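Protein chains in written order, with the working numbering: chain X, 180 to 425; chain H, 1341 to 1574. Below you'll find the structure, written out as structure tokens, and then a few comments.
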Amino acid sequence: MSVYEYIVRTKDLSKIYTLGGTEVRALDDVALDIRRGEYVSIMGPSGSGKSTLFNMIGGLDKPSKGTVFIDEVDMAQLTASELAFLRCRKIGYIFQTFNLIPVMTALENVTLPMVFAGLATDDALDKGMGLLKIVGLGERYDHKPTELSGGQQQRVAIARAFANDPAIILADEPTGNLDLRTGKEIITLLKRMNEEKKVTVISATHDLKMIDVSDRVVWIRDGKIERIEEREDIELQVGQMEGEDQ
Amino acid sequence: MSENQRREGVPEGASDRLGVEQQIVLPWSKALEMTRENIFVRLGRSAITASGIFLGIAFLSAVLFGASASRLVAEMDLERIGLEHEAGELQARIIWLASMSLVVATVGIVNSMLMSVTERYKEIGTMKCLGALDSFIVRLFLLEAGLLGILGSGLGALAGAGVMMLIYIGRLGGEGVAKAWVTPAVQLGGGNVPLWVSIVASVLIGGILSILAALYPAWRAAKMPPAAALRSEF
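Right, dumping it as structure tokens:
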């Protein structure tokens, strides 16, 4: 079985919006290769195009031009069912606003993708509880999102993202709605999952705390990639705030 | 680990398309469970959504009951000779009222369903990210609309008829009011359709109208690209 080195590849990727009479290039000929098992952070200010890039890679929106390859399969060639399958089994999504289903408990949220994947109920419940325990929320399995803090909701979302053993985790500003300490916990958790489960993590973020755990950082501005840096080459020391580590 | 669980989702080769054996499913039992949760956990919101059909069918039910009851009153009232020409006019008026109540109910419910779907764009987008097919989204909303429609219509029919029963109990007495249920409300072509049949039909019509009203909003929402659906601010 051959396994491709690059799990995600983009070629001439562009997204153009027409607002009023003007053309806005949210993404402009982006070429990005992401290796299997990498932890990549896509960093840039607001409006830089990182969320648009996230949407393109995740198949959440169609590019105006260019291609996205997931495991060398052109996403544009996929049918609706194949795309759904990809989202169900291959990609796990994590959002800034957690996006849990409000009427469902934590366990039900985590097992929902397993339902779509056709997993038997008992197996799904066992696996769901297992995942909740890994993220440290074993006792809160029957709590609804309104009964959970932001950090806890994000952890449920992370557990959910791993429901069907995906190859890729896509995170859009995962720490955006979290305080400093909770944000750090989430980043640590993501890194742990990346190392233990050998899952590729692609995170669109402007949280500098993410730099420390990334293998590579892709700096994006105005829809174009400015530069790509390996972690070792980044000299930035993310400072500590007093009292933060308590 | 059960057999139908794939590890890592890595395909065999570049030319490998995702085969037919990979399935995405939403079992009906799960769909029903989710629908029940959607309705009863947000009971207040569901009540508001169902209020349009509740009121419309309550009105229709009251009109129908009133028609049967008037017919009974007329039969009981021996001084009423020459009733025939009035009956036609009365019938036309009843059909008019009944139709209007259905129109009102439809407008109410289309609006409610549109709101109900729009409020949940973010949820819809999220479910698509978890792998839901467009048809799952439509299925869930139609189930919810159908269930709310039947419940709302059923309660509405009872409320409408109930109020009318109280109104007519003086005139007809308890026995008369009970008899109204088997008296036809309208004489339509073929035969005499007892009141209770008309009212059950109204409830079913209410359910069907609700499903039809949800169809277009649900389909449109299901077709939205997830990125757009997730951008919603609700």
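Ideal Cβ positions, reconstructed from N, Cα and C, are used throughout, including at glycine. Because the structure is a prediction, the values reported are computed rather than measured.
**Request:** Give the residues of chain A in contact with X:Ser328, contact being defined as C-beta atoms less than 7 Å apart.
**Result:** Included in the structure are the protein chains X and H, with no chain A among them.
**Request:** Helix, strand or coil for X:Ile351, going by three-state DSSP, please let me know.
**Result:** Position 172 of the first sequence, counted from the first residue, corresponds to residue 351 of chain X. It is Asp, not Ile, that sits at residue 351 of chain X in the sequence shown. Residue state, collapsed to three classes: strand.
**Item:** Closer than 8 Å to chain H by CB, X:Lys241
**Value:** Indexing the first sequence from 1 puts residue 241 of chain X at position 62. Yes, contact with chain H.
**Message:** Measuring straight from C-alpha to C-alpha, what distance separates H:Glu1361 and H:Ser1369?
**Reply:** Here residue 1361 of chain H corresponds to residue number 21 of the second sequence, with the count starting at 1. Here residue 1369 of chain H corresponds to residue number 29 of the second sequence, with the count starting at 1. Confidence in H:Glu1361 is poor, its pLDDT being 43 and thus under 50, which makes the residue's placement unreliable; the coordinate value appears in the next sentence. Taking the straight line from one Cα to the other gives about 22 Å.
**Request:** Grab the span of the alpha helix (DSSP H) containing X:Arg339 for me, first residue to last.
**Result:** Here residue 339 of chain X is taken as the residue at index 160 of the first sequence, counted from 1. 329 to 340 is the extent of the alpha helix (DSSP H) around X:Arg339.
**Request:** Return the chain-ordered ranges of every alpha helix (DSSP H) run that is complete within the segment 277 to 323 of chain X and spans a minimum of 4 residues.
**Result:** Fully enclosed alpha helix (DSSP H) runs of 4 or longer: 285 to 295, 300 to 313.
**Request:** Count the other CB atoms, across all protein chains shown, that sit within 10 Å of the CB of X:Gly200; report buried if there are 16 or more and exposed otherwise.
**Result:** Taking the first sequence and counting its residues from 1, one reaches residue 200 of chain X at position 21. Label assigned to X:Gly200: exposed.
**Asked** If you drop the 5 nearest sequence neighbours on each side, which residues of the same chain put their C-beta closer than 6 Å to that of H:Met1489?
**Response** Translated into positions along the second sequence, residue 1489 of chain H becomes position 149. The residue asked about is misnamed: residue 1489 of chain H is Gly in this sequence, not Met. Contacts found: Ile1393, Gly1546, Gly1547, Ser1550.
**Prompt:** Three-state secondary structure (DSSP) at H:Glu1484?
**Reply:** By one-based count along the second sequence, residue 1484 of chain H stands at place 144. Correct three-state label for H:Glu1484: helix.
**Request:** Assign X:Val294 to one of two classes, buried (16 or more other C-beta atoms within 10 Å of its C-beta) or exposed (fewer than that).
**Result:** The residue given as residue 294 of chain X occupies position 115 in the first sequence. The residue in question, X:Val294, is buried, as its Cβ has 16 or more Cβ neighbours within 10 Å.
**Message:** To be precise: take each residue of the segment 1455 to 1488 of chain H, compare its Cβ to all Cβ atoms of chain X, and keep it if any distance is under 9 Å. Which residues remain?
**Reply:** Result list: Lys1462, Glu1463, Gly1465, Thr1466, Met1467, Lys1468, Cys1469, Leu1470, Gly1471, Ala1472, Leu1473, Asp1474, Phe1476.
**Request:** Answer with buried or exposed for X:Tyr196, where buried requires no fewer than 16 other C-beta atoms within 10 angstroms of its C-beta.
**Result:** Here residue 196 of chain X corresponds to residue number 17 of the first sequence, with the count starting at 1. Result: exposed.
**Request:** Could you name the residues of chain X that H:Val1381 contacts, counting a contact when the two beta carbons are closer than 9 Å?
**Result:** Stepping through the second sequence from its first residue, residue 1381 of chain H is reached at position 41. By Cβ distance, chain X contributes Pro281, Val282, Met283, Lys323.
**Asked** Where does the unbroken alpha helix (DSSP H) through X:Val187 begin, and where does it stop?
**Response** In the first sequence, the residue the question calls residue 187 of chain X occupies position 8. Element bounds for X:Val187: not the alpha helix (DSSP H) but the beta strand (DSSP E), 185 to 198.
**Item:** Near-chain H residues of the segment 378 to 410 of chain X - C-beta to any C-beta below 8 Å
**Value:** Listed by position, the residues of the segment 378 to 410 of chain X near chain H (Cβ gap below 8 Å) amount to none.
**Prompt:** In three-state DSSP terms, what is H:Val1434?
**Reply:** Locating residue 1434 of chain H in the second sequence gives position 94, where the first residue counts as 1. The question names Val, yet the displayed sequence has Ile at residue 1434 of chain H. Per DSSP, reduced to three states, the secondary structure at H:Ile1434 is helical.
**Item:** Buried versus exposed, by CB contacts within 10 Å (16 or more), H:Ala1402
**Value:** One-based indexing of the second sequence puts residue 1402 of chain H at position 62. Buried.
**Item:** Euclidean distance between Cα positions of X:Ile221 and X:Lys312
**Value:** Indexing the first sequence from 1 puts residue 221 of chain X at position 42. Indexing the first sequence from 1 puts residue 312 of chain X at position 133. Distance between the alpha carbons of X:Ile221 and X:Lys312 is about 29 Å.
**Prompt:** Contact check, H:Leu1366 vs H:Phe1476 under 8 Å by CB: the rounded distance?
**Reply:** Along the second sequence, read from residue 1 onward, the residue named residue 1366 of chain H stands at position 26. Along the second sequence, read from residue 1 onward, the residue named residue 1476 of chain H stands at position 136. 4 Å between Cβ atoms; contact.
**Message:** Using the Cβ count rule (16 or more neighbours within 10 Å means buried), how would you classify H:Phe1405?
**Reply:** Position 65 of the second sequence, counted from the first residue, corresponds to residue 1405 of chain H. Note on H:Phe1405: 16 or more other CB atoms within 10 angstroms of its CB, so buried under the neighbour-count rule.
**Message:** Below 8 Å on the Cβ atoms is my contact criterion, and I expect X:Leu279 with X:Pro324 to pass it. Report the Cβ-Cβ distance as a whole number of Å.
**Reply:** By one-based count along the first sequence, residue 279 of chain X stands at place 100. By one-based count along the first sequence, residue 324 of chain X stands at place 145. Confirmed, about 4 Å.
**Asked** How many Å lie between X:Arg188 and X:Val378 at the Cα?
**Response** Taking the first residue of the first sequence as position 1, residue 188 of chain X is located at position 9. Taking the first residue of the first sequence as position 1, residue 378 of chain X is located at position 199. If you take the alpha carbons of X:Arg188 and X:Val378, they lie about 16 Å apart.
**Prompt:** Which same chain residues, not among the five before or five after X:Glu217, have their C-beta less than 7 Å away from its C-beta?
**Reply:** In the first sequence, the residue the question calls residue 217 of chain X occupies position 38. Short of 7 Å from the beta carbon of X:Glu217, and not among the five residues preceding or following it, lie these beta carbons of its own chain, in chain order: Thr379, Asp394, Arg395.
**Request:** Tell whether a beta-carbon distance below 8 Å holds between H:Ala1579 and H:Val1478.
**Result:** For residue 1579 of chain H there is no data in the structure shown, the boundaries of chain H being 1341 and 1574.
**Request:** Pair every Cβ in the segment 286 to 305 of chain X with every Cβ in the segment 1463 to 1476 of chain H, then say whether three or more of these pairs are closer than 8 Å.
**Result:** Contact holds: three or more Cβ-Cβ distances are below 8 Å.
**Item:** N-terminal and C-terminal residue of the alpha helix (DSSP H) that H:Ile1551 is part of
**Value:** Walking along the second sequence from the start, residue 1551 of chain H turns up at place 211. Per DSSP, the continuous alpha helix (DSSP H) segment holding H:Ile1551 begins and ends at 1535 to 1563.
**Prompt:** So, is the C-beta of X:Arg266 closer than 8 Å to a C-beta in chain H?
**Reply:** To locate residue 266 of chain X, count along the first sequence from 1; it is residue 87. Yes, X:Arg266 lies at the interface with chain H (some Cβ there is under 8 Å from its Cβ).
**Message:** Let me check understanding here. Comparing Cα to Cα, which of H:Leu1555, H:Val1543, H:Glu1573 lies closest to H:Ala1499?
**Reply:** Locating residue 1499 of chain H in the second sequence gives position 159, counting from the first residue. Nearest option by C-alpha distance: H:Val1543.
**Message:** If you measure between the beta carbons of X:Ile270 and X:Gly226, is that distance less than 8 Å?
**Reply:** Start at 1 with the first residue of the first sequence, and residue 270 of chain X comes out as number 91. Start at 1 with the first residue of the first sequence, and residue 226 of chain X comes out as number 47. Not a contact, by the Cβ cut-off of 8 Å.
**C-alpha gap between X:Glu202 and X:Thr231, whole angstroms** = On the first sequence, residue 202 of chain X is found 23 positions in, with the first residue counted as 1. On the first sequence, residue 231 of chain X is found 52 positions in, with the first residue counted as 1. Distance from the CA of X:Glu202 to the CA of X:Thr231, rounded to the nearest whole angstrom, comes to 15 Å.
**Prompt:** Would you say X:Ser193 reaches chain H, if we count a Cβ-Cβ gap shorter than 8 Å as a contact?
**Reply:** As a first step, residue 193 of chain X must be located in the first sequence, where it is residue number 14. Cβ-Cβ to chain H under 8 Å: no for X:Ser193.
**Message:** Closest to H:Arg1411 by C-alpha separation, out of H:Lys1519, H:Arg1382, H:Gly1494, H:Ile1364, would be which residue?
**Reply:** Residue 1411 of chain H sits at position 71 when you count from the first residue of the second sequence. A check of alpha carbon separations from H:Arg1411 across H:Lys1519, H:Arg1382, H:Gly1494, H:Ile1364 identifies H:Lys1519 as the nearest.
**According to DSSP, residues forming a beta bridge with X:Met222** = Residue mapping note: residue 222 of chain X aligns to position 43 of the first sequence, counting from 1. In DSSP, X:Met222 forms a bridge with X:Thr384, X:Trp398.
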